[in-house]
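Some notes on the structure that comes next.
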Amino acid sequence: MAITLKSRREIELMRRAGAIVANVLSKLKEIAGPGVTTARLDSIALQMTADAGAEALFKGVRTPGARIPFPGAVCTSINEQLVHGIPSEAVMLKDGDILSIDFGIRLNGYCGDAAVTIGIGKISEDKRRLIDVTKHVLEIAIAKAAPAVKWSQIAAETQNYVESAGFSVVQDFVGHGIGRQMHEEPRVPNFVSDELLADD
1 MAITLKSRRE IELMRRAGAI VANVLSKLKE IAGPGVTTAR LDSIALQMTA
51 DAGAEALFKG VRTPGARIPF PGAVCTSINE QLVHGIPSEA VMLKDGDILS
101 IDFGIRLNGY CGDAAVTIGI GKISEDKRRL IDVTKHVLEI AIAKAAPAVK
151 WSQIAAETQN YVESAGFSVV QDFVGHGIGR QMHEEPRVPN FVSDELLADD
């Protein structure tokens, strides 16, 4: 696993890209509601990206097995849809949905990428609890991240918290580093595995 270390200047450029991502996600959270299509959210994200002088990172990405390049600037995944949902005029948000919005840009050669999950209108107690648990897991990981702390320690703690709350951790997808490319080392799983322990 070869992690590319970033200079202070590169980190600042990544911070600027990340700030635009955060601003766009904040706006989409405001707009997302019953009756809004996921295509509308995508259109707003594209316009805000252009206004910021940035490039939408996901639009046009080709993945193995996909018939066409990814058509959107955002991934909009609703309810049980795990990741990489395609925005569409045919997909309208409804009261009680939970929506994950994943968005990324490239600005001045450096990438920013983040996701948020929100409730649409009035959501069930179970869905609220899912959102709360996942938010707390992120807070745990941020609080524990420090020099000399192995990722496997953090992953073990977050996995334990999720499972003790009655949920499970998705093991088909992992987080990732970022920089000049959208996906860089290291791979960042939210669970402990033999592979993760071997990489520590």
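Note that the UniProt record's numbering has the sequence shown beginning at 1, numbered continuously upward.
Here a beta-carbon is modelled for each residue, glycine too, at the ideal position from N, C-alpha and C.
The structure presented is a predicted model; accordingly, all values stated were derived computationally and were not measured.
When DSSP labels each residue in this structure, what does residue i get in the three-state scheme?
i	result
Gly177	strand
Gly104	strand
Arg67	coil
Ile140	helix
Thr76	strand
Ile120	coil
Arg62	coil
Leu5	coil
Ala90	coil
Ala54	coil
Leu82	coil
Val149	coil
For residue i, count neighbouring Cβ atoms within 10 angstroms of its own Cβ and tell me buried if that reaches 16, exposed if not.
i	result
Asn190	buried
Gln159	buried
Pro87	buried
Ala143	exposed
Val83	exposed
Leu99	buried
Leu25	buried
Leu130	buried
Leu13	buried
If you draw a straight line from the alpha carbon of residue i to that of residue j, how long is it in whole angstroms?
i	j	result
Ala2	Lys122	45 angstroms
Ala148	Lys59	37 angstroms
Asp113	Ala73	11 angstroms
Gln171	Thr49	31 angstroms
His183	Cys111	9 angstroms
Asp126	Ala165	11 angstroms
Ala146	Gly179	20 angstroms
Ala19	Glu195	33 angstroms
Gly104	Arg67	22 angstroms
Leu107	Arg8	16 angstroms
Thr134	Phe167	10 angstroms
Lys150	Ser193	13 angstroms
Arg15	Ala141	19 angstroms
Val21	Val36	21 angstroms
Ala156	Val116	22 angstroms
Asp97	Ser124	9 angstroms
Note down, in chain order, each residue of its chain lying with its Cβ closer than 6 angstroms to the Cβ of residue i, except the 5 sequence neighbours on either side.
i	result
Gly175	Val188
residue 253	In the structure as shown, the chain begins at 1 and stops at 200. Residue 253 is therefore absent and cannot be evaluated.
Ala39	Pro87, Ser88 and Glu89
Val169	Gln159, Val162, Asn190 and Phe191
Near residue i, which residues of its chain fall below 8 angstroms by C-beta distance, leaving aside the five closest residues on each side in sequence?
i	result
Leu41	Leu28, Ile31, Ala32, Val74, Thr76, Pro87 and Ile101
His136	Tyr161
residue 202	Given that the chain is displayed from residue 1 to residue 200, the structure contains no residue 202 and the question cannot be resolved.
Looking only at its chain, what residues have a beta carbon closer than 7 angstroms to the beta carbon of residue i, apart from the 5 residues adjacent to it on each side?
i	result
Leu46	Ala56 and Ala73
Pro34	Leu93, Lys94, Asp95, Ile120 and Gly121
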